[in-house]
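Residue numbers (the working numbering): 1 to 148.
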């Protein structure tokens with residue numbers, strides 16, 4: 001049985017990435033590792049740590065429900081869900097130590113100005129490709145404004 005670990009932070013985006021992988025008739029052991037969105041630091045004034053954890057659990061339940069419906073189309077497949085609390089490299093290491101060889105699928109949605117952490121140490125750190133064009137556009141706009 002093939003084992004595939006899927007890293008997710010947005011369920012609709014992950015479903016679109018996983019569609020090509022779902023056509024196999026062979027049984028697959030899916031491990032869905034979800035990273036809840038990070039709340040801003042200012043929310044700490046109004047929300048307790050317990051309420052944050054409750055929100056993370058509620059978000060994970062909704063996320064897993066959306067993704068697992070697609071992954072359970074093959075009745076011989078098995079789905080395991082994990083709400084991540086550690087960096088991706090550490091999660092991959094723990095999963096490989098427990099399950100052996102895994103196929104990794106990074107189905108996380110990239111955030112503007114905040115590149116996602118790599119899944120393995122061999123993978124280069126992701127760079128936000130929009131930083132340089134945004135800098136150039138704003139610099140050019142400032143030059144035009146000063147030229148007037």
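From the three backbone atoms N, C-alpha and C, an ideal C-beta is built for every residue, glycine too.
key: Chain-order list of residues whose beta-carbon lies under 6 Å from that of residue 83 (same chain, five-residue window excluded)   = Result list for residue 83: 34 and 60, in chain order.
ask   = Along the chain, where does the beta strand (DSSP E) that runs through residue 31 open and close?
value = 28-34
Straight-line Cα distance separating residue 69 from residue 21 = 14 Å
inquiry  = Tell me the DSSP secondary structure of residue 18 in three-state form.
reply    = Helix at residue 18.
request  = Pull up the CB-CB distance for residue 3 and residue 31, whole angstroms please, since I reckon it's below 8 Å.
outcome  = 7 Å
inquiry  = Considering just the uninterrupted stretch of the alpha helix (DSSP H) at residue 92, what are its terminal residues?
reply    = 88-99
key: CA-to-CA distance, residue 25 to residue 74, given in whole angstroms   = 7 Å
request  = Helix, strand or coil for residue 81, going by three-state DSSP, please let me know.
outcome  = DSSP places residue 81 in strand when its eight states are reduced to three.
inquiry  = residue 29 and residue 78 - do their beta-carbons sit closer together than 7 Å?
reply    = yes
task = Could you work out which residue in 107, 95 and 57 is closest to residue 11 when comparing CA atoms only?
result = Selected option, being the one with the closest Cα: 107.
inquiry  = I need the straight-line Cα distance from residue 9 to residue 102, nearest angstrom please.
reply    = Taking the straight line from one Cα to the other gives about 19 Å.
request  = Pick helix, strand or coil for residue 25, following the three-state DSSP scheme.
outcome  = coil
Whole-Å CB distance - residue 58 paired with residue 39, under 8 Å assumed = Contact flag wrong, Cβ pair sits at about 13 Å.
task = Please name the residue or residues paired with residue 7 in a DSSP beta bridge.
result = 33 and 106
ask   = Which class does residue 76 belong to by DSSP, given the choice of helix, strand or coil?
value = coil
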